[in-house]
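Trainee: Mind having a look at this structure? Questions to follow.
In my numbering, the protein residues as written are -12 to 256.
What follows is the structure, encoded as structure tokens:
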């Protein structure tokens, strides 16, 4: 598994803004599950700590977070941020999910947010994680499904051309953008009981945070998307022009892709 979007200052800024736009989604999920001290949690693909840090605060004074992050750059940044925030209940592991082995006590929660869109063989990774759960523990995943549902209103042919191109980009690099709908069946196969399956979506105009969130992604990665999706230079120009026009149009609305919360629970016996 590799992080398709790379390690760069612009990606760090995008991740920080993404947490501002979508952080409520994860916090609502944690509220529903009753996550609290003294739970032991694993944050898979912890990145720069967007989930890890608020989770660690939630788990004080007796709970802890094991943060698994494969990028040394992001792991170092997470370490520095945890130290600055005086969060001593974070244990950082710089390793890849496919290599990660855990011999400690079981986890009450394993959380994976925007992880499996980068992975081809989802079942094999989940098969590694399930034994790490305590009896009654939760495996919680937040990821995309039906990426084609992302759109502009009024509809835009230029924007609609980019969606399949983005899907091809992820697919060519071993991932996929329609993940969540496959998870309940995989979880059930691995012995988990699906206890939550909930969609999250946002919409807004050109000045909204969700519009800006999408803009940061497409403005940074449109060239890679276009190459993978066989877009012509003219199609790329049309997309960029359309985006700028929609940003200024008070009538235009952007609708995000659906992000599902999918939670499986390990039997207590």
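From the three backbone atoms N, C-alpha and C, an ideal C-beta is built for every residue, glycine too.
My parser needs the alpha helix (DSSP H) runs of 4 or more residues fully inside the region 87 to 166; what are they?
Mentor: Within the region 87 to 166, the complete alpha helix (DSSP H) runs of at least 4 residues are 109 to 116, 144 to 159.
Trainee: With a Cβ-Cβ cutoff of 8 Å, do residue 53 and residue 29 count as a contact?
Mentor: Yes, the pair counts as a contact, with Cβ atoms nearer than the cut-off.
Trainee: Is it buried or exposed, residue 253, if we count other Cβ atoms within 10 angstroms and call 16 or more buried?
Mentor: Under this definition residue 253 is a buried residue.
Trainee: Less than 8 Å between the CB atoms is what I'm expecting for residue 80 and residue 169, so what's the real figure, rounded?
Mentor: That belief does not hold up - the Cβ atoms of residue 80 and residue 169 are roughly 27 Å apart, past 8 Å.
Trainee: Counting only runs that start and end within the region 194 to 230, where is the alpha helix (DSSP H) found for 4 or more residues in a row?
Mentor: Counting only runs of 4 or more, we get 196 to 215.
Trainee: Three Cβ pairs or more, each shorter than 8 Å: is that satisfied between the region 239 to 246 and the region 131 to 139?
Mentor: Segments in contact, yes.
Trainee: Helix, strand or coil: which one does DSSP assign to residue 33?
Mentor: Here residue 33 sits in coil by DSSP.
Trainee: Rounded to the nearest angstrom, how far is the Cβ of residue 107 from that of residue 32, given a contact under 8 Å?
Mentor: Residue 107 to residue 32, Cβ: 15 Å. No contact.
Trainee: Going straight from the alpha carbon of residue 189 to that of residue 136, what length do you get?
Mentor: Near 12 Å, if we compare the C-alpha coordinates of residue 136 and residue 189.
Trainee: Using C-beta distances below 6 Å, list every residue in its chain close to residue 138, excluding the 5 sequence neighbours before and after it, in chain order.
Mentor: Contacts found: 242.
Trainee: Under 7 Å: does the beta carbon of residue 244 sit that close to some heavy atom of the ligand MN?
Mentor: Of the ligands one can find in the structure shown there are none, so the ligand MN has no counterpart to examine.
Trainee: Is it the case that the Cβ atoms of residue 149 and residue 198 are separated by a distance below 8 Å?
Mentor: No; because the gap between Cβ atoms is not below 8 Å, this pair is not in contact.
Trainee: Is the beta carbon of residue 166 less than 8 Å from the beta carbon of residue 251?
Mentor: Not in contact: residue 166 and residue 251 (Cβ atoms no closer than 8 Å).
Trainee: When you compare the CB positions of residue 65 and residue 51, do they come within less than 8 Å of one another, or not?
Mentor: Taking 8 Å as the Cβ cut-off, residue 65 and residue 51 do not qualify as a contacting pair.
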